[in-house]
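Engineer: Structure in structure tokens, see below.
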Ligand SMILES: [Zn+2]
Ligand SMILES: [Zn+2]
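In this note's numbering, the protein residues as written are 572 to 1526.
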């Protein structure tokens, strides 16, 4: 590593070089044995979709994780950040289908196997983008442990989880109402339906009463096409208007089907006419009503949203075309009683934006209530800490009202459900166990049943559905560590320490991990093959594997102990990054800013700093150019400070002192050194400040107050270290050896500590500069060095107090100078007074840096209060400071200058007034131009008045 530091800070070059080195040298590979400190820190990366590339939102999440991971690693914890990707069933299938469509290919034409092969091929070619980006952005993951949700080991975890839950009766199959996406051709979960307020129409339709010509019941609906599947109309049992009609029938218009008038308390008498149509196959409430009254369930729609053969004359029409036709036909028949505009919530598919159709369908479900109870308990008992607090309440409420989860998807890309159906008798037979075999490099269930245990038939077909992607991600914290096997990784790193995720996936993912983790991971061995055989019978439901589980030697934690089965100890829900318009960042939605582009422009370190410095818990971040420029300026400041040190080193090296003498690790360890002949105040002070900042940063990071950690470090590095300390001790660095050596040693020790303090936020810059300092032989990276720790001798209240007073005096002088508009380089004399002898002593001892930093030529001291007639005064409880006019300026020159400026301003004001008075200009110019001109004029008038006052003062 060359010692010279280039003049310009060029993050692009530095960052690419280190990103590659960290990856190639496997700097972040974690061991899986207990370390000496006994502390472990493990965190699983929320697996990004394999389809994706990184947006700024990921970048915030990854920076926060990386900051904590680097901090723990530097503090000596056995640290693992486990990365991986999610196969993202619906999203990936969507992307690949779109690509195929560009070539005129439909997946149905390819067939399932060939389509899956194409997706794998696509994954091999394009699926590694995020990984490359993360490496480039410096994420300190252990890439040797990278996982993919569809890889064989994780496939096995999914099989194991499914089979256990199935045998326990927690997974069941049934025909229920689901959210159907006619574009994606699959059921989706409640969470994947996004509700939008939309303005549509509501139609009133007359249903003729059978046997009473000219009498009608009027119903209101926003989806008239569903009437094709109506099997009743309902009224409230106590509604006097309709009591006499219950038990009679209406004739369903257009279909000419007689359907009963039923009474059910579900009907709201106050709403509309108090009569509702009942369509059990297309509405969740109607489905319940239908069950109570044993009504037929008529599905009138095809998978892709067309009317099916149950829709009579409308069969074959697309659902919205059918709606138009139906309304027109009703109108023609005089059965449309009214129509009006109506705003209501419309459910759309989160993936493709198509309007979701509530629809009766045979699907797989997971019972959630029994899983939610233990999850609630661990959160209430504090076994899992949720930050921020309001998210804890949101989580608990959601668990309280949880509904069963539809886990099957009619997709081809994903974990296929390990259940076989007997073609002869419809018996369902699960795979005997979670063993897998590898075919063409991909996993599939090995223990495939060959015969129906009920009827003996051998024609069995595997269920066609795959599992919701979130099923496999729900196992992520333990499946990635080797579960269900009892692996060293699982023992060392599970439960994981922390999960950091966006609050937008609290229910999708975080909550499900808690539920699945508690239920499954307490017992870490796979189901025994014999156990599988027992439960392959039709009585398999309700089988409790835990009850007959063989002894599990080697598992150190007792079975069922929730503390050992929680997936993470702490859950931190981070802010979201929003665009200027406040939309959530997402690549597929086109709003995601490419962090690599920002990085290319300003550097990754600057982007990281900007993101964390704004990441106050509970508030969303809005991107801004100013902020990133400020972050970039900070990086530059540090670079220049390092450059200053190395450039000035030459003078002392000329006296035969080497960098090694001044800055070796051993030398740094003994700082601060006393500087003889002169006060050591600034040295004692900087180490005292360092001690304070270290503890502030440790506390802030522990509590996820990333922005506070960032700001503390910023103020220390830029303010304390660069602006005060370096400036203060500059002359000492060039003094004779007896002074220069200890001063240099202190400054290098403080600089080295500051770099290590900053490393978790700005890893690249600090790595680069750390290598310029002498390090122990074999030291590979600042990331593996220690986080700074305060020493007992560092905190120094007296030094902080004295320094604060001196800084106050210097700032007072600078403020007066600015007010007097003095030439920044012009030294002037000042008067100083204090009633306190100790203050006088302090000033006297530090007179040299004080004069230098305040750009003063002299300080006339007294104990009398200073009058302001001779010049402006700044006062504090302890002192007065004054810069006398006579001394500060050439009065006549100042007067001339002020007069000239007043003259110039007067002319400017006059011309602006004339322009504004011009009616032609006013009527033609855009309003903004006029407003701006008015504002500028107002400013000029104030400036003019100020100058005028000042001139009077001078004369
Ligand atoms: Zn969809
Ligand atoms: Zn059978």
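Beta carbons: idealized from backbone N, C-alpha and C, even for Gly.
1. Pick out the complete alpha helix (DSSP H) segments inside the stretch 956-985, 4 residues or longer, and give them in chain order.
2. Quick check: the stretch 1003-1012 against the stretch 757-767, are at least 3 beta-carbon pairs closer than 8 Å?
3. Apart from the five residues just before and just after residue 1265, which ones in its own chain have a Cβ nearer than 6 Å to its Cβ?
4. Which residues in the same chain as residue 1434 place their Cβ atom closer than 7 Å to its Cβ, once the five residues preceding and following it in sequence are excluded?
5. CA-CA distance, residue 990 and residue 935?
6. If you follow the alpha helix (DSSP H) that residue 1520 is in, where does it begin and where does it stop?
7. Closest to residue 1186 by C-alpha separation, out of 1279, 1250, 1169, 1232, would be which residue?
8. Could you tell me the distance, in whole angstroms, from the CA atom of residue 674 to the CA atom of residue 659?
9. Threshold first: 3 residues or longer. Then list the beta strand (DSSP E) segments lying entirely within the stretch 1396-1442, N to C.
10. Does the Cβ of residue 1384 have 16 or more other Cβ atoms within 10 Å, making it buried, or fewer, making it exposed?
11. Would you say the beta carbon of residue 1134 comes nearer than 7 Å to a heavy atom of ligand 1?
12. Smallest Cα separation from residue 600: which of 682, 816, 1060?
13. Put residue 1022 into one of helix, strand or coil per three-state DSSP.
14. If contacts are defined as beta-carbon pairs under 8 Å, then residue 1312 and residue 1233 qualify, I think. What distance do you get, rounded to the angstrom?
15. Which of the three DSSP states is assigned to residue 1358 in this structure?
16. Is the stretch 902-922 touching the stretch 713-726, taking contact as three or more C-beta pairs under 8 Å?
17. Going by the DSSP bridge assignment, what does residue 748 pair with across the sheet?
18. Please determine whether the Cβ atom of residue 1543 lies at a distance below 7 Å from any heavy atom of ligand 2.
19. Closest to residue 805 by CA distance: which of 760, 851, 1078, 770 is it?
20. Write down the C-beta distance between residue 1420 and residue 1299 rounded to the nearest angstrom, noting that I regard them as a contact closer than 8 Å.
21. Of all the beta strand (DSSP E) runs that stay within the bounds of the stretch 742-802, which reach a length of 3 or more residues?
22. From the DSSP output, which residues share a beta bridge with residue 923?
23. Please report the distance separating the alpha-carbon of residue 1106 from that of residue 1143.
24. Please determine if the stretch 1013-1020 and the stretch 1041-1059 are in contact, where contact requires at least 3 C-beta pairs separated by less than 8 Å.
25. Where does the unbroken beta strand (DSSP E) through residue 1180 begin, and where does it stop?
26. Pick helix, strand or coil for residue 872, following the three-state DSSP scheme.
27. Should the stretch 1226-1241 be called in touch with the stretch 1384-1401, which here means at least 3 C-beta pairs below 8 Å?
28. Alpha carbon to alpha carbon, how far is residue 1363 from residue 1235? Give it in angstroms, no decimals.
29. If you pair each beta-carbon of the stretch 730-749 with each one of the stretch 678-697, do three or more pairs fall below 8 Å?
30. Report the rounded CA-to-CA distance for residue 757 versus residue 983, giving the unit in angstroms.
31. What I want to know is whether the C-beta of residue 559 ends up closer than 7 Å to one or more non-hydrogen atoms of ligand 1.
32. Could you have a look at residue 1159 and say whether DSSP puts it in helix, strand or coil?
33. Between the stretch 923-937 and the stretch 967-982, do at least 3 Cβ pairs fall closer than 8 Å?
34. Give me whichever residues DSSP pairs with residue 1008 in a beta bridge.
35. Mind checking residue 768: buried by the 16 CB within 10 Å criterion, or exposed?
36. Using 10 angstroms around the beta-carbon of residue 704, count the other beta-carbons present and answer buried if the total reaches 16, otherwise exposed.
Structural biologist: On the basis of the supplied data:
1. 960-971
2. no
3. Here residue 1265 corresponds to residue number 694 of the chain shown, with the count starting at 1. Here the set comprises 1359, 1361.
4. Here the question's residue 1434 lines up with position 863 in the chain shown. If we look at residue 1434 and ignore the five residues flanking it on each side, its Cβ neighbours are 1404, 1405, 1406.
5. Locating residue 990 in the chain shown gives position 419, counting from the first residue. Locating residue 935 in the chain shown gives position 364, counting from the first residue. Each residue's Cα considered, the two are about 11 Å apart.
6. One-based indexing of the chain shown puts residue 1520 at position 949. Looking at the DSSP string, the run of the alpha helix (DSSP H) that includes residue 1520 is 1498-1525.
7. If you number the chain shown from 1, residue 1186 lands on position 615. Considering only alpha carbons, the answer is 1279.
8. Here the question's residue 674 lines up with position 103 in the chain shown. Here the question's residue 659 lines up with position 88 in the chain shown. Roughly 23 Å separates the two Cα atoms.
9. 1399-1404, 1427-1433
10. Taking the first residue of the chain shown as position 1, residue 1384 is located at position 813. Label assigned to residue 1384: buried.
11. Translated into positions along the chain shown, residue 1134 becomes position 563. Incorrect: residue 1134 has no Cβ contact closer than 7 Å to ligand 1.
12. As a first step, residue 600 is located in the chain shown; it is residue number 29 there, counting from the start. Selected option, being the one with the closest Cα: 1060.
13. Within the chain shown, the letter at position 451 stands for residue 1022. Correct three-state label for residue 1022: coil.
14. Along the chain shown, read from residue 1 onward, the residue named residue 1312 stands at position 741. Along the chain shown, read from residue 1 onward, the residue named residue 1233 stands at position 662. Rounded, the Cβ-Cβ distance is 7 Å, consistent with contact.
15. Against the chain shown, residue 1358 aligns to sequence position 787. DSSP places residue 1358 in coil when its eight states are reduced to three.
16. no
17. Position 177 of the chain shown, counting from 1, holds the residue named residue 748. 931, per the DSSP bridge assignment.
18. The structure shown does not extend to residue 1543, since the chain is modelled only from 572 to 1526, so the question has no answer here.
19. Sequence index remark: in the chain shown, residue 805 carries index 234 (1-based). Cα-wise, what sits closest to residue 805 is 851.
20. Sequence index remark: in the chain shown, residue 1420 carries index 849 (1-based). Sequence index remark: in the chain shown, residue 1299 carries index 728 (1-based). Their Cβ separation, rounded to whole angstroms, is 5 Å, which keeps residue 1420 and residue 1299 in contact under 8 Å.
21. 742-752, 757-759, 764-779, 787-792
22. If you number the chain shown from 1, residue 923 lands on position 352. The partner list for residue 923 (beta bridge, DSSP) is empty, contrary to what the question assumes.
23. The sequence position of residue 1106 within the chain shown is 535, counting from 1. The sequence position of residue 1143 within the chain shown is 572, counting from 1. With a pLDDT of 35 at residue 1106, under the threshold of 50, the predicted position of this residue should be treated as unreliable, though the coordinate-derived value follows. About 40 Å.
24. no
25. Residue numbering aside, residue 1180 sits at position 609 when the chain shown is read from its first letter. Where residue 1180 is concerned, there is no enclosing beta strand (DSSP E), although the alpha helix (DSSP H) it sits in stretches over 1175-1184.
26. Start at 1 with the first residue of the chain shown, and residue 872 comes out as number 301. Strand, per DSSP.
27. no
28. As a first step, residue 1235 must be located in the chain shown, where it is residue number 664. As a first step, residue 1363 must be located in the chain shown, where it is residue number 792. Residue 1235 and residue 1363: Cα-Cα distance of roughly 21 Å.
29. no
30. Position 186 of the chain shown, counting from 1, holds the residue named residue 757. Position 412 of the chain shown, counting from 1, holds the residue named residue 983. Distance between the alpha carbons of residue 757 and residue 983 is about 10 Å.
31. This structure does not reach residue 559, given that the chain is present from 572 up to 1526, and the question cannot be answered.
32. In the chain shown, counting from the first residue as 1, residue 1159 sits at position 588. With a pLDDT of 46 at residue 1159, under the threshold of 50, the modelled position of this residue cannot be trusted, and the question is left open.
33. yes
34. Within the chain shown, residue 1008 is the residue found at index 437, counting from 1. Beta-bridge pairing links residue 1008 to 1015.
35. Position 197 of the chain shown, counted from the first residue, corresponds to residue 768. Exposed.
36. One-based indexing of the chain shown puts residue 704 at position 133. So residue 704 ends up on the buried side.
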